[in-house]
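Visitor:
In the working numbering, the protein residues as written are 141 to 299.
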């Protein structure tokens with residue numbers, strides 16, 4: 141009898157977990173990218189800085205860099221034989237005065253975690269809060285339970 145009670149308890153727990161997961165599904169990568177973009181602009185507004193505008197080319201560069209990190213299985217700005225960010229940006233037709241990149245990897249979908257970790261890092265914070273940047277693109281790629289995050293910042297000129 142007790143054995144059946146244990147199984148029933150496990151069944152109820154599993155069903156409750158399934159209901160909770162169904163009512164609180166994991167956000168899509170696009171939703172995560174949008175949330176992180178909003179968090180950056182909110183932080184900038186708190187400090188009196190202008191909002192960054194999205195740029196599809198920066199987004200594509202960010203997503204491609206995430207894929208490169210996944211293939212190489214490491215978090216890094218530079219890989220042997222792989223062009224630096226400024227070269228990659230020029231190749232896609234960006235005209236920029238300055239450009240920067242933030243990277244992170246983690247196992248959570250909570251974008252506030254990534255945002256706060258980047259703000260705690262002097263180099264990442266400097267990019268996030270650079271008053272000269274005008275545009276940003278964010279890429280996120282999930283692989284093996286980890287989320288690779290790249291933020292590309294630039295001061296773009298009209299072509």
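Note that CB positions come from ideal geometry on N, CA and C, so glycine has one too.
Between the Cα of residue 291 and the Cα atoms of 170, 176 and 166, which residue gives the shortest distance?
Guide: Counted from its first residue, the chain shown places residue 291 at position 151. Residue 176 is the option with its Cα nearest to residue 291.
Visitor: Quick check on residue 191: does DSSP put it in helix, strand or coil?
Guide: Counting from one through the chain shown, the residue named residue 191 turns up at place 51. Correct three-state label for residue 191: coil.
Visitor: Please report the straight-line C-alpha distance between residue 296 and residue 260, rounded to a whole angstrom.
Guide: What you label residue 296 is simply residue 156 of the chain shown in a count that begins at 1. What you label residue 260 is simply residue 120 of the chain shown in a count that begins at 1. Straight-line Cα distance between these residues: approximately 26 Å.
Visitor: Within its chain, find whatever has a CB closer than 8 Å to the CB of residue 232; leave out the 5 residues flanking it on each side and keep chain order.
Guide: For the purposes of this step, residue 232 is taken as the residue at position 92 of the chain shown. Around residue 232: 197, 200 and 201.
Visitor: Pull up the DSSP beta-bridge partners for residue 277, would you.
Guide: Taking the first residue of the chain shown as 1, we reach residue 277 at position 137. For residue 277, which the question treats as bridged, DSSP gives the partners 292.
Visitor: What residues in its chain sit with their C-beta under 7 Å from that of residue 285, if we drop five residues either side in the sequence?
Guide: Residue numbering aside, residue 285 sits at position 145 when the chain shown is read from its first letter. Within the same chain, residue 285 has close Cβ partners 247.
Visitor: Buried or exposed for residue 294, going by 16 or more other Cβ atoms inside 10 Å?
Guide: One-based indexing of the chain shown puts residue 294 at position 154. Burial call: buried.
Visitor: Check for me: the beta strand (DSSP E) holding residue 186 runs from which residue to which?
Guide: For the purposes of this step, residue 186 is taken as residue 46 along the chain shown, with counting starting at 1. From DSSP, residue 186 is part of no beta strand (DSSP E) but of the alpha helix (DSSP H) over 169 to 186.
Visitor: Measuring CA to CA, which of 264, 274, 289 and 280 is closest to residue 298?
Guide: Sequence index remark: in the chain shown, residue 298 carries index 158 (1-based). For the residues 264, 274, 289 and 280, the minimum Cα distance to residue 298 belongs to 274.
Visitor: What residue from 271, 235 and 216 has the CA that sits closest to residue 288's CA?
Guide: Numbered from its first residue, the chain shown carries residue 288 at position 148. Checking every option, the nearest Cα to that of residue 288 belongs to 216.
Visitor: Taking only the alpha-carbon atoms, compute the straight-line gap between residue 280 and residue 254 and give it to the nearest angstrom.
Guide: In the chain shown, residue 280 corresponds to position 140, counting from 1. In the chain shown, residue 254 corresponds to position 114, counting from 1. One C-alpha to the other measures close to 11 Å.
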